[in-house]
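Trainee: Got a structure here, written out as structure tokens. Questions coming.
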Amino acid sequence: MTTTAHALATAEPTPRSRPSPRIASVAADATVKLSVADLHKRYGEHEVLKGVSLQARKGDVISLIGASGSGKSTMLRCINFLEQPDAGVITLDEQTIEMRQGRAGTRAPHPAQLQNLRTRLAMVFQHFNLWSHMTVLENICMAPRRVLGVSSQEAEARARKYLDKVGLPPRAADQYPAFLSGGQQQRVAIARALAMEPEIILFDEPTSALDPELVGEVLKVIQTLAEEGRTMLMVTHEMGFARQVSSQVLFLHQGRVEEQGSAEILDQPQSERLQQFLSNRLK
722 MTTTAHALAT AEPTPRSRPS PRIASVAADA TVKLSVADLH KRYGEHEVLK GVSLQARKGD
782 VISLIGASGS GKSTMLRCIN FLEQPDAGVI TLDEQTIEMR QGRAGTRAPH PAQLQNLRTR
842 LAMVFQHFNL WSHMTVLENI CMAPRRVLGV SSQEAEARAR KYLDKVGLPP RAADQYPAFL
902 SGGQQQRVAI ARALAMEPEI ILFDEPTSAL DPELVGEVLK VIQTLAEEGR TMLMVTHEMG
962 FARQVSSQVL FLHQGRVEEQ GSAEILDQPQ SERLQQFLSN RLK
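Residues 722 to 1004 (our numbering) make up the sequence shown, in order.
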């Protein structure tokens, strides 16, 4: 950790190995916010997703779990069309994203629908994806200005508001990513996503690139968002945390949803594969 990162560090929450009891998050309502039906994705001869589906209600926190290579991150990237699904239907607020056949045989959403989707879904990546040549403030302000068309003043106000929300002091705004710890960089990435004021946030393994001692500070931010009733989909290997915050859990195995249900399935798994997966996580 650099000297600057150390100076910016805030108090750490309890260690990752001893999660607190399940949080009393705001209950999801009955409104289906996002529907994913029969999603397929293939890379050459390898089919990564084999007809996966989910429904996220407003306020849901859905954890996608499974072994590496099971299709979790690909599913998340297909929902946001960072990867083009080969088949399946994605619906946001009862509006189906229309897929069109391109000249090269690829399927892609209509540009106007894709633009609309990207303003309503924000994604937090495993490796932060911050621009190294920009300050923290510039990183956060870019998308609201360019994608949403908000003024510089409004973008900066949002940036400072959400930096405070994720627990970073005002002076962090003028720092460059290289001078921050991994946990601080990921909190900047979360602030950047929040600055878009999205309806749904997608987290792709937000803690897996962090040193163990930095994981807690990021989980604390995500826990706060869950308590506020934000709709979130999260790929995670943090089983204790998934148990705390999830309204739904999907266990993927070789591109299929092997088991799904409330967070209780992590304590009482029904399938042998989920039992084995959880047993391996505890070793």
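Beta carbons are placed, not taken as given, at the ideal position from N, Cα and C, and that holds for glycine. Every value quoted in this text rests on a predicted model; they were computed, and no experiment measured them.
For the segment 753 to 772 and the segment 826 to 840, state whether three or more C-beta atom pairs, one from each stretch, are separated by less than 8 Å.
Mentor: No contact exists between the segment 753 to 772 and the segment 826 to 840.
Trainee: Which runs of the beta strand (DSSP E) at least 3 residues long sit entirely within the segment 753 to 799? Give them in chain order.
Mentor: Entirely contained in the segment 753 to 799, the beta strand (DSSP E) runs reaching 3 residues are, in chain order, 753 to 764, 767 to 778 and 782 to 786.
Trainee: If we ignore side chains and look at the alpha-carbon of each, how far apart do Gly903 and Asn850 end up?
Mentor: Their Cα atoms are separated by approximately 11 Å.
Trainee: Can you tell me which of the three DSSP states Val909 falls into?
Mentor: Here Val909 sits in helix by DSSP.
Trainee: For Pro990, collect the residues of the same chain with a Cβ closer than 7 Å to its Cβ; drop the 5 residues on either side in sequence, then sort them by chain order.
Mentor: Correct list, in chain order: Glu980, Gln996 and Leu999.
Trainee: Around the Cβ of Ser789, are there at least 16 other Cβ atoms within 10 angstroms (buried) or fewer (exposed)?
Mentor: Counting Cβ neighbours within 10 Å, Ser789 comes out exposed, since fewer than 16 surround it.
Trainee: Flag Ala894 as yes when its Cβ comes closer than 8 Å to any non-hydrogen atom of the ligand ZN, and as no otherwise.
Mentor: Among the components of this structure there are no ligands whatsoever, and the ligand ZN is therefore not found.
Trainee: Measuring only the C-alpha atoms, how far is Glu766 from Asn837?
Mentor: Between Glu766 and Asn837, the C-alpha separation is close to 32 Å.
Trainee: Let me know the alpha helix (DSSP H) ranges lying completely inside the segment 937 to 1001, each 4 residues or longer, listed in chain order.
Mentor: Runs found: 960 to 966.
Trainee: Which residue's Cα is closest to the Cα of Thr752: Lys779, Leu775, Arg763 and Ser774?
Mentor: For Thr752, the nearest C-alpha among the options comes from Lys779.
Trainee: Below 8 Å on the Cβ atoms is my guess for Lys793 versus Leu973; work out the distance and round it to an integer in Å.
Mentor: Lys793 to Leu973, Cβ: 5 Å. Contact.
Trainee: For Leu935, I'd like the list of residues in its chain whose CB is within less than 7 Å of its CB, leaving aside the five on either flank, ordered along the chain.
Mentor: So the qualifying residues of the chain are Ser902, Gly903 and Gly904.
Trainee: For the alpha helix (DSSP H) containing Arg839, list its first residue and its last residue.
Mentor: First-last of the alpha helix (DSSP H) with Arg839: Pro832 to Arg841.
Trainee: Quick check on Gly870: buried or exposed, where buried means 16 or more other Cβ atoms within 10 Å of its Cβ?
Mentor: Label assigned to Gly870: exposed.
Trainee: What would DSSP say about Met917, mapped onto helix, strand or coil?
Mentor: In this structure, Met917 counts as coil in the three-state DSSP scheme.
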